[in-house]
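Take 2 as the starting number for the sequence shown in the working numbering and just add one per residue. See below for the structure under consideration.
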Amino acid sequence: MFEPKILEVGDIASLIDKIKSDSALHNWQTSDFENSINDETRPIYIIENIGFVAFSKALDEAEILMVWMDPNQRKKGYAKNLLKYSFDNLKTNGVNKIYLEVAIDNIAALNLYIMLGFIEVGKRKNYYKRDNQNIDALILSKSL
Ligand SMILES: CC(C)(COP(=O)(O)OP(=O)(O)OC[C@H]1O[C@@H](n2cnc3c(N)ncnc32)[C@H](O)[C@@H]1OP(=O)(O)O)[C@@H](O)C(=O)NCCC(=O)NCCS
């Protein structure tokens, strides 16, 4: 409990139950989590009952697809711990570079990534649309 680990089949039902209240995660289906278990190019790591981080991995690079923590458990260091754990695990599996995309107004996520040593390597203008507003995306990267 509260220790990061790689996603297992037995974790999926409670994870789906937890994320269903967040509309930002409506694209995440049970099958996405199931498929990750047997697909080394889509690793997912979790802290049980708290949150998850999902990656897409290709050769020596990986991209963070989503990192999400239960809203009631935020600001307790869980995302930081989970990301550090997943980076160590990915590194032992040959990954040496992590990429991600983040909305420029997502201050919590930006602070988290900067704290972990990510740097800006690009910007996508008007990449997200929210409430009829266009929001830029930043591309961040970190060497492992
Ligand atoms: C971003 C998110 C994953 C952070 O999870 P978390 O477990 O609360 O983060 P941590 O407690 O590990 O925080 C680590 C650092 O991130 C930054 N941070 C986290 N939440 C923050 C907030 N609300 N405001 C400002 N900085 C914040 C801080 O620098 C923090 O370090 P500190 O506590 O020493 O100040 C969480 O807010 C979340 O799930 N958000 C919704 C999904 C999302 O936007 N994901 C990112 C998609 S790119």
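Yeah, the Cβ is synthetic: ideal placement off N, Cα and C, and Gly gets one too. Computed from a prediction, not measured in an experiment: that's the story for all the values here.
I think residue i touches residue j, with their Cβ atoms under 8 Å apart; what is that distance to the nearest whole Å?
| i | j | result |
| --- | --- | --- |
| Leu111 | Ile47 | So it is not a contact: roughly 23 Å between Cβ atoms. |
| Asp40 | Lys98 | Asp40 to Lys98, Cβ: 20 Å. No contact. |
| Thr42 | Ala59 | 7 Å |
On a CA-only basis, which of the options is nearest residue i? Give me that one, please.
| i | options | result |
| --- | --- | --- |
| Lys124 | Gln134, Glu62, Leu139 and Pro44 | Leu139 |
| Lys143 | Gly11, Arg131 and Met116 | Met116 |
| Asp18 | Ala25, Asp40 and Thr31 | Thr31 |
| Asn28 | Arg131, Met67 and Asn107 | Met67 |
| Asp23 | Asn73, Tyr129 and Lys130 | Asn73 |
| Leu84 | Asn107, Gly118 and Gln134 | Gly118 |
Under 6 Å Cβ to Cβ from residue i, same chain only, skipping five residues before and after it: list those, please.
| i | result |
| --- | --- |
| Tyr100 | Glu64 and Ser142 |
| Tyr114 | Leu141 |
| Val122 | Ile140 and Ser142 |
So, residue i versus residue j, is the Cβ gap smaller than 8 Å?
| i | j | result |
| --- | --- | --- |
| Phe53 | Leu91 | no |
| Ile20 | Trp69 | yes |
| Ala1 | Tyr129 | This structure cannot speak to residue 1, because the chain is shown only from 2 to 145. |
Looking only at its chain, what residues have a beta carbon closer than 8 Å to the beta carbon of residue i, apart from the 5 residues adjacent to it on each side?
| i | result |
| --- | --- |
| Ser87 | Pro5, Pro44, Tyr46, Val54 and Phe56 |
| Glu35 | Val10 and Ile13 |
| Leu145 | Phe88, Leu91, Lys92, Val96, Asn97, Lys98 and Ile99 |
Using a Cβ-Cβ cut-off of 7 Å (strictly less than) and excluding sequence neighbours within five positions of residue i, which residues of its own chain qualify?
| i | result |
| --- | --- |
| Lys126 | Asp137 |
| Tyr79 | Ile48, Ile51, Gly52 and Met70 |
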